[in-house]
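**Student:** Residue numbers for the sequence shown follow numbering that gives the first Met the number 0, beginning at 0 and rising by one.
Ideal Cβ placement from N, Cα and C applies to all residues, glycine included.
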Amino acid sequence: MKLPSMIKGWLNPNINPEQLLASYRSTGERQYLTQLVEQFNQAIFHYLLSQSDNQTAEDVLQSTWLKVINNNSQENSIPQVKSWLFTIARNTLIDELRRQKRWQYHELELESGQLASQSLEKTIAEKDALTCFNDIINQLPFHQREAFIFQQEGFSIAEICQLTDENFETVKSRLRYARSTLKTQLGTKL
0 MKLPSMIKGW LNPNINPEQL LASYRSTGER QYLTQLVEQF NQAIFHYLLS
50 QSDNQTAEDV LQSTWLKVIN NNSQENSIPQ VKSWLFTIAR NTLIDELRRQ
100 KRWQYHELEL ESGQLASQSL EKTIAEKDAL TCFNDIINQL PFHQREAFIF
150 QQEGFSIAEI CQLTDENFET VKSRLRYARS TLKTQLGTKL
């Protein structure tokens with residue numbers, strides 16, 4: 000029985016991403032890069048897809064891995080490879096959205112927190128719960144959606160601060176507003 004690559008990483012605790020990256024950089028052997036890709040490709044793609052369309056996510060994912068391949072940094076060890084990879088992916092995505100003139104920065108809406116959308120009852124009647132949830136996530140402002148997705152990917156608030164280059168309180172606020180909007184739109188507690 001063949002296991003999906005994501006599960007392989009969970010079942011093999013000996014695969015340390017920091018060691019894989021260090022081995023790849025020192026030897027240049029593709030097997031180490033392949034193991035990194037197997038370990039993080041799906042999670043990075045999920046993040047990119049949550050912030051853009053399928054084609055853009057695929058293009059940015061490929062560009063992200065090319066940047067990893069071409070990175071000849073003097074720094075031999077990166078303390079948190081997962082954060083480093085997501086930072087590359089995030090910055091590449093923002094660059095691509097700017098290039099496509101699709102980048103829109105929305106400040107937090109402190110007053111309403113409501114999304115302009117059709118009634119929740121009609122949406123739930125037409126779609127299943129997961130599709131409805133994803134639609135609401137996609138309607139969040141970029142930075143709220145980004146913080147929420149990073150948290151769902153297992154990053155702590157401190158790690159999200161590092162990834163987004165924002166302060167702790169800003170990230171907490173973005174997460175709070177995202178959850179508030181989700182609760183309001185879904186009518187349930189998360």
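Would you mind giving the Cβ-Cβ distance between Glu158 and Ser82, rounded to the nearest angstrom? I have them listed as a contact below 8 Å.
**Tutor:** Residue 158 sits at position 159 when you count from the first residue of the sequence shown. Residue 82 sits at position 83 when you count from the first residue of the sequence shown. That pair is a contact at about 6 Å.
**Student:** Report buried or exposed for Thr91, applying the criterion of at least 16 other Cβ atoms within 10 angstroms of its Cβ.
**Tutor:** Your numbering for residue 91 matches position 92 in the sequence shown. Counting Cβ neighbours within 10 Å, Thr91 comes out buried, since at least 16 surround it.
**Student:** Secondary structure at Tyr31, three-state DSSP: helix, strand or coil?
**Tutor:** Working through the sequence shown from its first residue, we reach residue 31 at position 32. If DSSP states are grouped into helix, strand and coil, Tyr31 belongs with the helices.
**Student:** Going by alpha carbons, who is nearest to Leu162 out of Thr86, Gly186, Glu95, Arg29?
**Tutor:** Taking the first residue of the sequence shown as position 1, residue 162 is located at position 163. Closest option to Leu162, Cα to Cα, is Thr86.
**Student:** Are the beta-carbon atoms belonging to Leu181 and Ala146 less than 8 Å from one another?
**Tutor:** What you label residue 181 is simply residue 182 of the sequence shown in a count that begins at 1. What you label residue 146 is simply residue 147 of the sequence shown in a count that begins at 1. Contact flag unset, no.
**Student:** So what does DSSP say about Gln143, is it helix, strand or coil?
**Tutor:** The residue labelled residue 143 in the question sits at position 144 within the sequence shown. Of the three classes helix, strand and coil, the one that applies to Gln143 here is helix, per DSSP.
**Student:** Return the CA-CA distance between Asp58 and Trp64, expressed in angstroms with no decimal places.
**Tutor:** The sequence position of residue 58 within the sequence shown is 59, counting from 1. The sequence position of residue 64 within the sequence shown is 65, counting from 1. Approximately 10 Å, taken between the alpha carbons.
**Student:** Apply the 10 Å Cβ neighbour rule to Gln38 and answer buried if 16 or more other Cβ atoms are within range, or exposed otherwise.
**Tutor:** Taking the sequence shown and counting its residues from 1, the one referred to as residue 38 is at position 39. By the 10 Å Cβ count, Gln38 comes out buried.
**Student:** Considering Asp94, what are the terminal residues of the alpha helix (DSSP H) in which it resides?
**Tutor:** Here residue 94 corresponds to residue number 95 of the sequence shown, with the count starting at 1. Note, Asp94: alpha helix (DSSP H), 80-98.
**Student:** Determine the direct distance from the alpha carbon of Ser155 to that of Leu224, and round the result to whole angstroms.
**Tutor:** The question about residue 224 has no answer, for the chain in this structure spans 0 to 189.
**Student:** Glu152 and Tyr46 - do their beta-carbons sit closer together than 8 Å?
**Tutor:** Here residue 46 refers to the residue found at position 47 when the sequence shown is read from its first residue. Here residue 152 refers to the residue found at position 153 when the sequence shown is read from its first residue. Cβ distance < 8 Å, so Tyr46 and Glu152 count as in contact.
**Student:** Please name the residue in Ser22, Gln41, Ile93 whose C-alpha comes closest to that of Ile77.
**Tutor:** Numbered from its first residue, the sequence shown carries residue 77 at position 78. Residue Ser22 is the option with its Cα nearest to Ile77.
**Student:** Ordered along the chain, which non-local residues of its own chain (more than five positions away) have a Cβ less than 8 Å from that of Tyr31?
**Tutor:** Position 32 of the sequence shown holds residue 31. These residues qualify, in order along the chain: Leu19, Leu20, Ser22, Tyr23.
**Student:** Give the secondary structure of Ser179 by DSSP, where H, G and I count as helix, E and B as strand, and everything else as coil.
**Tutor:** Along the sequence shown, read from residue 1 onward, the residue named residue 179 stands at position 180. Note: Ser179 maps to helix in three-state DSSP.
**Student:** Considering Cα atoms alone, identify which of Leu84, Asn133, Lys171, Tyr176 is closest to Pro16.
**Tutor:** Here residue 16 refers to the residue found at position 17 when the sequence shown is read from its first residue. Comparing Cα-Cα distances from Pro16 to each of Leu84, Asn133, Lys171, Tyr176, the minimum goes to Leu84.
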